[in-house]
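>
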Amino acid sequence: MILPIFLGLAALSAAAELLSSATPSIGSTTIWYTAPAPEWNLALPIGTGRLGGMVYGGTLSERVQMNEDSIWNGGFQDRLNPRAATSFPTIRGLLRNESLTAAGSAVLRDMTGNPTSPRAYHPMAELFADFGHPEDQLSNYSRWLDTRGGYVGSQYSHNGVQYTRTSFGSFPASVLVLRFEADKEQSVTTNITLFREFNVSFHGANLSLPDSYITLRAGSGQQDGINFTAKARINIAGQQANLSTNGTSVEIRNADAITIFVDAETSYRYSTEEEWEAELDRKLTATADVPFETIKKDALDDFTSLSDRTSLDFGSSGDVGKLPTLDRLHRYRNVTMNGDPELATLLFNLGRYMLITSSRSEDGITNLPANLQGVWSPSYNPPWGGKYTTNINVEMNYWPAEITNLAETHLPLFDLIEITRSHGRDVAKRMYNCSGFMIHHNTDVWGDGVPTENGTQWSMWPMGASWLSLHLMEHYRFNGDKEWLESTALPILNEVAEFYYCYLFDYKGYYSTGPSISPENSFKLMPNQSEYPNTESIDIAPTMDNELLFELFSAIVEAAQELELSETDPAILKASQYLAKIKRPQISPTLGTIMEWRLDYEEKAPGHRHVSHLFGLHPGRSISMAETPELATAANATLNRRLSNGGAGTGWSRAWTINWFARLWQGDAAWENAQMFLNVSTNDNLFGNNPYPTYQCDGNFGFTAGIAEMLLQSHNSEVHLLPALPSPEVAIANGTVKGLVARGGFVVDIAWEAGRLKDATVVSKLGRPLTLKVGNEATFEVNGTDYADTLQTQEGESFQVTL
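With mature numbering (1 follows the signal peptide of the UniProt record, and there is no 0) applied, the sequence shown covers -15 to -1, 1 to 788.
#1: Could you name each continuous beta strand (DSSP E) segment of 3 residues or more that falls completely within the region 710 to 752, going from the start of the chain to the end?
#2: Leaving aside the five residues before and after Ser172 along the sequence, list all residues of the same chain whose C-beta is less than 7 angstroms from its C-beta, in chain order.
#3: Taking 8 angstroms as the threshold, find out whether the region 709 to 723 comes into contact with the region 649 to 669 through three or more Cβ pairs.
#4: Here's the rule I'm using: 16 or more other beta-carbon atoms within 10 Å means buried, otherwise exposed. How should Asp530 be labelled?
#5: Thinking Gly687 and Asn675 are a contact (beta carbons under 8 angstroms), I'd like their distance in whole angstroms, please.
#6: For Leu311, which residues of its own chain have a beta-carbon under 7 angstroms away from its beta-carbon, when the five flanking residues on both sides are left out?
#7: Would you list the one or two residues that DSSP bridges to Leu265?
#8: Are the region 633 to 648 and the region 286 to 303 touching by the rule of at least three beta carbon pairs closer than 8 angstroms?
#9: What residue does the beta strand (DSSP E) around Glu166 start on, and which one ends it?
#10: Let's see if you can read the secondary structure: which residues bound the alpha helix (DSSP H) around Gly78?
#11: Is Pro423 helix, strand or coil when you go by DSSP?
#12: On the DSSP letters alone, give me the boundaries of the alpha helix (DSSP H) that His603 sits inside.
#13: Have a look at the DSSP bridge pairing and note the partners of Glu236.
#14: Opposite Glu588 in the DSSP bridges: which residues?
#15: What are the start and end residues of the alpha helix (DSSP H) that includes Glu612?
#16: When the distance is taken between beta carbons, is Ile211 closer than 8 angstroms to Ser159?
#17: Going by DSSP in three states, Pro555 sits in which element: helix, strand or coil?
#18: With a 10 Å radius around its C-beta and 16 neighbouring C-beta atoms as the bar for buried, classify Leu706 as buried or exposed.
#19: I'd like to know if the region 357 to 368 and the region 106 to 118 are in contact, where contact means that at least 3 CB-CB pairs between them fall below 8 angstroms.
#20: Only counting the same chain, and skipping five residues up and downstream in sequence, which positions put a Cβ closer than 6 angstroms to that of Val722?
#21: I'd like to know whether the C-beta atoms of Ile221 and Leu194 end up nearer to each other than 8 angstroms.
#22: Have a look at Val726 and Lys467 and give me their C-alpha separation to the nearest angstrom.
#23: Do Phe484 and Met580 have their CB atoms nearer than 8 angstroms?
#24: So is Gly494 buried or exposed if we call it buried at 16+ other beta carbons inside 10 Å?
#25: Is the distance from the Cβ of Arg345 to the Cβ of Phe156 below 8 angstroms?
#26: Whole angstroms is fine: what's the gap from Ala242's alpha carbon to Asn227's?
#27: Less than 8 angstroms between the beta carbons of Leu328 and Leu710, yes or no?
#28: Since Phe600 and Leu548 are thought to touch, with beta carbons under 8 angstroms apart, how far apart are those beta carbons, to the nearest angstrom?
#29: According to DSSP, is Tyr485 part of a helix, a strand, or is it coil?
#30: At the level of alpha carbons, what is the spacing between Ser464 and Leu751?
#31: Exposed or buried, Thr8, counting other C-beta atoms within 10 Å across all chains shown (16 or more means buried)?
#32: Based on the DSSP output, what are the partners of Trp57 in its beta bridges?
#33: Using a Cβ distance threshold of 8 angstroms, determine whether the region 582 to 592 contacts the region 612 to 619, with at least three qualifying pairs required.
#34: Using only CA atoms, which one of Trp129, Ala190, Gly223, Thr132 lies nearest to Asp168?
#35: Which stretch, first to last residue, makes up the alpha helix (DSSP H) that contains Thr14?
#36: Which residue wins for smallest C-alpha separation from Gly730, given the options Ala693, Thr778, Val759?
Printed below as a string of structure tokens:
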């Protein structure tokens, strides 16, 4: 049944008065509830990038589960299999002789790591603040996340007093901030403690006014593991306040307001406990004499300086958009997926909020990117270890960074690439007798590059560094920083390529990988193969490998052209030579799909979650509607086959599907999959699932990127406006988007009506040539004149586009 439209509007009205950002509609910017979170999947995230927290909004007891991005469960492990280098040529020989089963067995025995897994991500601590306000004695309860304003809030009334809480991560101060206050003096009474389940070496509280402290020292429990100190500085306002302690918690009575500042520093970034605690105290002390309102303003101004760059309006959901989030989700999932376009806008905004709060670059330290759970994992045994999975997941986290105008959030991924280089060189040398650097499908906080998890469907994939390095070139394509391209991006691209110049071998006239896989699928051997009818995963030259190599060598050639390097430069000549002998995607003669492997094998799982052989369609560029229409048709057949067999069963897979259909200019199909993501791939706090209740943040980031890709594309040397807008009878007939970014440094605003462009503004930030396309329109005007050919632009120049 449809829930009452005006359920909880009194609570919403109270919440609305507190929302900080001037946004067009709460329905498109604010996740909100009428009760505290009973479980983690209903809590709401805050973060600074390095620090993260999940706020439950409890009234009997507030709970904030907190993380720091460098707390992992141990130190570096040398997991490399000592038999790898000597067995590698033998295994390749087995593949050449079509002995795929024997090759797979040898890979598991001789090439996978021991122990099988890199290190895992661990939570930091939890903060509890006991208030003793039972839920059945409250009125007008609401809690919310303002995705555009950058904070979590809650409000309720108890015994005639209105209580308000505000929680956020302050990137400028590099701390988490929690504020408890009331509209009546001397009304805030609570008991505050920090808690961690494992490996706590010290837990104590120090009392003083106006500031008290709770300190917790802990570690991973390994001799060479990561140790840390977490500390909460509790600032107490109110002359009548009094406090006490039982040694580990602080009890405050009759305060006017309480502000808590939390930080943790670790042995990952500092050599001694004295050093990391000095940094911890420096950050907490820096907030001591600053009024809360100033700290809040600085933090939210910093956040909105990023979030406000891009805005999306898919139209109003009317009264439906005013419903609490759980009621909207219930209606969406159980009644109709139509009539709430603002829910998609809200999820788009949430993806950008999550990227800002889980991936920022602090000066003077090694920064870490968002892992599988961002900075919000609650588990000491997180799914897949909470690692950096390089066969799709960590890369997907950063798909929205450039196009939705959040380039700064991309930088921690480049720090991870630098972390992997040292161990990646070691793996290249000791496993393959090659120079350069490489990693396989998973890495951790130490840059572990050895094959992971001991399974033929995933472990033996030697392409992790190639995909990661392509993000460097993408960053340059948007920002045009030639100095950075020359000093940072190109040397890394060349070093990754150096590995492949050694590792690749000639197989039937092409440079080929092997042993390798198509993540994470398997295939049935053919009748003419000696080990038929076995099912295997290991083979020579899966399609995805070829597509990645095509992008890698193309990026090196492109970088050289951008830097005006000589065509006779040895590095450029070698990249061009290898590029010419990389096999392009092939079309199955039986199915009309893109072949996933070198032979037209039948896949074991026709509905597999991975469709890795469509990397060339997105995020790659070797398959496109404009330049390779025959391959694009085959890619469309590939997607439809996967989906008709139950594919896209995980959040990230569904999100990738949105992006693929957008690249195929199929707006209706892209929108249908966006609706399916909201319907089945989100938890109740709108975090993506894999599937429910397993949480991964990649789906959220992929969804945001997919929506942007429907509205703007620039991968084929043209700025394409509204390439995959759904037909007006399907959805979002009218709308606007502002502040998207195209490659070449173009900032784009677009408005559309009845499913066609109304007008657009394109601003050139770099003075690059501008080639334009509008939907499937044959003609359009630029600055009032019929568009005919590429425009030469100047920095800051603006162009008006109309039909």
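Beta carbons are placed, not taken as given, at the ideal position from N, Cα and C, and that holds for glycine.
By the coordinates alone:
#1: 720 to 727, 731 to 738, 741 to 749
#2: Annotation for Ser172: Val146 place their beta carbon closer than 7 angstroms to its own, counting only its chain and skipping 5 residues before and after.
#3: yes
#4: buried
#5: Not really, about 12 angstroms apart at Cβ, beyond 8 angstroms.
#6: Tyr18, Asp669
#7: Leu265 is not bridged to any residue.
#8: no
#9: First-last of the beta strand (DSSP E) with Glu166: 160 to 167.
#10: Its alpha helix (DSSP H) spans residues 69 to 81.
#11: What sits at residue 423 in the sequence shown is Met, not Pro. It is coil, neither helix nor strand.
#12: Looking at the DSSP string, His603 is not in any alpha helix (DSSP H), and its letter there is neither H nor E.
#13: Asn176, Ser229
#14: Phe508
#15: It is not in any alpha helix (DSSP H) - Glu612 carries neither H nor E in the DSSP assignment.
#16: no
#17: helix
#18: That one is buried.
#19: yes
#20: Leu297, Leu696, Ile735
#21: yes
#22: 18 angstroms
#23: no
#24: exposed
#25: yes
#26: 12 angstroms
#27: No, Cβ-Cβ distance for Leu328 and Leu710 is not below 8 angstroms.
#28: With a Cβ gap of about 26 angstroms, Phe600 and Leu548 do not count as contacting.
#29: helix
#30: In the sequence as presented, Ser is not what sits at residue 464; that position holds Asn. Their backbone Cα atoms lie some 8 angstroms apart in a straight line.
#31: Note on Thr8: pLDDT 37, under 50, position unreliable in the model; no value is reported.
#32: Tyr106
#33: no
#34: Gly223
#35: Note, Thr14: alpha helix (DSSP H), 11 to 14.
#36: Thr778
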